[in-house]
Amino acid sequence: MRQGPFQPIRGARPARAGCWKNAPCLMDANMSRKESEMVKLLDREILTREVTEWKGLHLFHAHFSSCSQKVRLVLAEKGIAWQSHPIDLGANENISERYLGINPRGLVPALVDDGDVHIESNDIIFHLEDKFPQPVLIPAANRGEAEAILRAEDDLHLDIRNVTFHFLFETPAPPKSAKDLENYRRFGASTVAGEPDAQKEKEIRYWRTYGEQRVSQADARKSVAALGRAFAGVEARLADSDYLFGAELTIIDIAWFIYAHRMVLAGYPLAAQHPAMGAWYKRLSNRPGWATEITMPPPLAAVIERHQQRLTKEGHSITQVCGMTAAG
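Per the working numbering, the sequence shown runs over residues 822 to 1149.
Next up, the structure:
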């Protein structure tokens, strides 16, 4: 059994109203989040005070971050003007004193909207939908179900990390030193939305564990299986529909597209394992502007290609490890 930050997502729960067949369901579909539950920092928690004076929308993000990609696609689909503030994750800029003064959790993305700071990607998306309702990306009739599905998607975040750090690239040295992790703990507010926050400590434990042992092949295999189970739910939805909520694109399509894209980059045979999802993924890849948001910088693409060539030569590619075939 895996311990600590590598704890896997367990098998699907019994189906309930609004849950996808074979997919995790973490809350009832009719359970709607309240505004008070949105993760927006209190003014006293924003320690990098300059941002409280900013006007308009400012997004702190990283190009390869799946959560950042999700928010950027929402902004693109809605045609919203925003100012870009790239964060270099490789240089640990996300755990600098300045950035932790904006997002105490040290995660990307973070949105500054007229001086207010929102720090969770799904909350940022709902905030944008409420503030910029056109075009509609979360139909009112499906809002509760959309929230349930996004919570299920978010619960797979550690699994997408495991896939990334095992099948796409693996750092030769611990990416965060003991000093880095101590600064991570020391800087930034100790509360989020007025409450003690455990998320930062979870992140610190994750990076300490990763620095000690990386992601094992067994852990990576379990994460691929967890994502495959979730993809089975997406496949069922797409059996007789162009999009996950019918005839129109919604945020649910955007969220699962990002995970599908990360898995395709890792070598997962999406079309062979989930044909309807494979066709859906191909259609969405051709939407105007989407390729720009997901295309990797050439240096990173080269790193991934070398790593995957080595895995294949050693018999450790995602298809070899998980017993899948690329052919349909």
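C-beta: ideal position from N, C-alpha, C; glycine also.
Nearest residue (CA-CA) to residue i, options the options
| i | options | result |
| --- | --- | --- |
| Gly-911 | Pro-960, Ala-883 and Arg-926 | Ala-883 |
| Ala-973 | Ala-1112, Ala-1122 and Trp-1077 | Trp-1077 |
| Val-984 | Asp-1040, Ala-999, Ala-962 and Glu-1033 | Asp-1040 |
| Asn-924 | Glu-1022, Thr-1030, Ile-867 and Ile-946 | Ile-867 |
| Leu-946 | Gln-890, Thr-869 and His-978 | In the sequence as presented, Leu is not what sits at residue 946; that position holds Ile. Checking every option, the nearest Cα to that of Ile-946 belongs to Gln-890. |
| Ala-1068 | Pro-954, Pro-960 and Arg-919 | Pro-960 |
| Arg-926 | Arg-1131, Gln-1020 and Ser-905 | Gln-1020 |
| Gln-1130 | Ala-969, Phe-988, Val-1055 and His-978 | Phe-988 |
| Arg-1029 | Tyr-1102, Ala-994 and Glu-950 | Ala-994 |
| Glu-898 | Val-957, Phe-885 and Met-859 | Val-957 |
| Asn-915 | Lys-861, Val-929, Gln-1034 and Ser-887 | Val-929 |
| Asn-762 | Pro-1120, Leu-1065 and Ser-998 | Nothing about residue 762 can be read from this structure; the chain reaches only from 822 to 1149. |
| Leu-979 | Pro-1090, Ala-1047 and Tyr-1102 | Ala-1047 |
| Lys-876 | Ile-1079, His-1137, Gly-936 and Glu-1126 | Gly-936 |
| Asp-1001 | Pro-1118, Thr-869 and Asn-913 | Asn-913 |
| Phe-1008 | Ala-1093, Leu-1091, Thr-992 and Leu-921 | Leu-921 |
Cα-Cα separation between residue i and residue j, rounded to whole angstroms
| i | j | result |
| --- | --- | --- |
| Ala-1053 | His-1095 | 7 Å |
| Ala-1051 | Ser-942 | 19 Å |
| Val-1142 | Lys-1134 | 12 Å |
| Ala-1010 | Leu-932 | 17 Å |
| His-1128 | Asp-864 | 44 Å |
| His-948 | Phe-881 | 16 Å |
| Ile-901 | Arg-919 | 26 Å |
| Gln-1038 | Asn-1004 | 30 Å |
| Met-1145 | Ile-1139 | 8 Å |
| Gly-825 | Glu-1024 | Any reading at Gly-825 needs caution, since the residue's pLDDT is 30, under 50, leaving its predicted position unreliable; the model's value is listed next. Approximately 11 Å between the Cα atoms of the pair. |
| Thr-1113 | Arg-893 | 10 Å |
| Ala-1081 | Arg-1026 | 27 Å |
| Arg-1006 | Glu-1022 | 7 Å |
| Val-1085 | Pro-1017 | 37 Å |
| Phe-990 | Leu-977 | 19 Å |
| Arg-1104 | Ala-969 | 25 Å |
| Pro-954 | Ser-905 | 22 Å |
| Pro-845 | Val-938 | Residue confidence is low: Pro-845 scores 41 on pLDDT, short of 50, so the model does not pin down where it sits. No coordinate-derived value is stated. |
| Asp-1061 | Val-1055 | 11 Å |
| Gly-1099 | Asp-1063 | 12 Å |
| Ile-1075 | Val-895 | 8 Å |
| Val-1045 | His-879 | 34 Å |
| Ser-853 | Arg-1042 | With a pLDDT of 43 at Ser-853, under the threshold of 50, the modelled position of this residue cannot be trusted; read the value that follows with caution. For Ser-853 and Arg-1042, the distance between alpha carbons rounds to 33 Å. |
| Lys-952 | Val-872 | 20 Å |
| Ala-1014 | Pro-996 | 29 Å |
| Ser-861 | Ile-940 | The identity of residue 861 in the sequence shown is Lys, whereas the question assumes Ser. When rounded, the distance between both Cα atoms is 6 Å. |
| Val-1036 | His-1137 | 13 Å |
| Tyr-1031 | Ile-981 | 14 Å |
| Ala-999 | Glu-1033 | 11 Å |
| Gly-965 | Trp-1111 | 26 Å |
| Leu-1121 | Phe-885 | 9 Å |
| Gly-1049 | Arg-870 | 43 Å |
| Arg-1108 | Cys-888 | 19 Å |
| Trp-1101 | Ile-908 | 31 Å |
| Glu-874 | Ile-1072 | 30 Å |
Bridge partner(s) assigned by DSSP for residue i
| i | result |
| --- | --- |
| Gly-922 | Gly-922 is not bridged to any residue. |
| Leu-1086 | Paired residues: none, contrary to the question. |
| Gly-1144 | According to DSSP, Gly-1144 bridges with nothing at all. |
| Lys-861 | His-939 |
| Phe-881 | His-906 and Ala-931 |
Min CB distance residue i to chain C below 8 Å
| i | result |
| --- | --- |
| Gln-1038 | No chain C is present in this structure, which holds just one protein chain. |
Checklist entry - In chain order, which beta strand (DSSP E) runs of at least 3 residues are fully inside the stretch 953-1015? => result Restricting attention to beta strand (DSSP E) runs no shorter than 3 residues, the stretch 953-1015 encloses none.
Item to check | Residue ranges of each alpha helix (DSSP H) within the stretch 1011-1093, 4 or longer | outcome: Runs of the alpha helix (DSSP H) inside the stretch 1011-1093: 1020-1034, 1038-1058 and 1072-1086.
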